[in-house]
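Right, one structure below, let's go through it.
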Amino acid sequence: MATSFFLEEMMNITKKIIHGIEVQYIPETKYKHMIIMVAFYSKNQPLLYNERHLLPSLLEENNRIYKTHHRFNIALDQLYGALFSYSAYQLGEMFSNQFLVKFVNQKYINEMNLIDSVVKILRDIIYHPKKYRGLLTNASVNDKIKETYESLDSIKQDKATNAYYQFLKLINNEQLPSIFPFEANLESMSQESFTEAYHSMIHDDAMKI
Numbered sequence: 028m029a030t031s032f033f034l035e036e037m038m039n040i041t042k043k044i045i046h047g048i049e050v051q052y053i054p055e056t057k058y059k060h061m062i063i064m065v066a067f068y069s070k071n072q073p074l075l076y077n078e079r080h081l082l083p084s085l086l087e088e089n090n091r092i093y094k095t096h097h098r099f100n101i102a103l104d105q106l107y108g109a110l111f112s113y114s115a116y117q118l119g120e121m122f123s124n125q126f127l128v129k130f131v132n133q134k135y136i137n138e139m140n141l142i143d144s145v146v147k148i149l150r151d152i153i154y155h156p157k158k159y160r161g162l163l164t165n166a167s168v169n170d171k172i173k174e175t176y177e178s179l180d181s182i183k184q185d186k187a188t189n190a191y192y193q194f195l196k197l198i199n200n201e202q203l204p205s206i207f208p209f210e211a212n213l214e215s216m217s218q219e220s221f222t223e224a225y226h227s228m229i230h231d232d233a234m235k236i
């Protein structure tokens, strides 16, 4: 706790609760770019572990607003070359999905409100995936399942990577990131399980910006 307090004092973090969402500001004058990150935090759900890892890429690639990757890139380019990225990780019992946009500092742009535009992009990516009859589309889910098996095959073909993968499975240490993919649940991945993971993230997780 002392370390956390020291870092917050050093970085001058300001926290506000806006519409039930914790928003953290870290003022900085050194850089010409800004970053907005939306992070979802929850207790790990082992049965949906693989799905939660794959959700961010699925949401980016299968969006109702930006129907193709090309359209999404055009939207980012119109914000002076903004960069979008995402991550998913588990540490101990906590799991997090994070969505991030890096863009030019608002003070250098007078003709448009970049912050509002960036928030809209994040909102569109997270909350407007392609669906069919209430489920994430079957094609997008099948693509992610295929990627998972390919990722596992790639791990097993590289001796060093496979050794580390087996090491993580063996020690199960809370201070180290958990393994991905989680082999025990590969066969349970489905259109329904991906949709359940998505609804769990947007409805049940704690959100920080």
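Just so you know, we're using the numbering used here here: the sequence shown kicks off at 28 and counts up by one. Think of the CB as a built atom: it goes at the ideal place given N, C-alpha and C, for glycine as much as any other residue. What you are looking at is a predicted structure, and each value in this text was computed from that prediction instead of being measured.
- The criterion of a C-beta distance shorter than 8 Å is satisfied by MET234 and VAL65.
- If you compare the alpha carbons of PRO73, TYR58, ALA102 with that of LEU149, the shortest gap goes to ALA102.
- In the same chain as LEU85, and ignoring 5 residues on each side of it, the C-beta atoms closer than 6 Å to its own belong to SER167, LYS171, in chain order.
- Cβ-Cβ distances below 7 Å link ALA109 to LEU103, VAL128, LYS129, PHE130, VAL145 in the same chain, with the five nearest sequence neighbours on each side left out; the list follows chain order.
- A distance below 6 Å between beta-carbons, with the five flanking residues on each side excluded, links ILE142 to the following residues of its chain, in chain order: GLN133.
- For SER215, no beta strand (DSSP E) segment is defined, and its DSSP state is neither H nor E.
- The beta carbon of MET61 lies closer than 7 Å to those of PHE130, ASN132, GLN133 in the same chain, with the five residues before and after it left out.
- Judged by DSSP secondary structure, SER123 falls within the beta strand (DSSP E) whose first and last residues are 121-131.
- Restricting attention to beta strand (DSSP E) runs no shorter than 3 residues, the region 82-164 encloses them at 110-118, 121-131, ordered along the chain.
- Assignment of GLN193 by DSSP, reduced to helix, strand and coil, places it in the helix class.
- At the C-beta level, GLN105 and ASN71 stay beyond 8 Å of one another.
- Within the same chain, and ignoring the five residues on either side of THR164 in sequence, the residues whose Cβ sits closer than 7 Å to its Cβ are ASN89, LYS157, LYS158.
- Taking C-beta atoms as the reference points, THR188 and ILE182 count as a pair closer than 8 Å.
- Excluding residues up to 5 positions away in sequence, nothing lies with its Cβ nearer than 7 Å to the Cβ of PHE194 in the same chain.
- The beta-carbon separation of ARG91 and ALA224, rounded to 18 Å, does not stay under the 8 Å limit for a contact.
- Rounded to whole angstroms, the gap between the alpha carbons of ASN212 and SER178 is 15 Å.
- It is roughly 28 Å from the alpha-carbon of ASP232 to the alpha-carbon of ILE198.
- The criterion of a C-beta distance shorter than 8 Å is not satisfied by ILE152 and TYR107.
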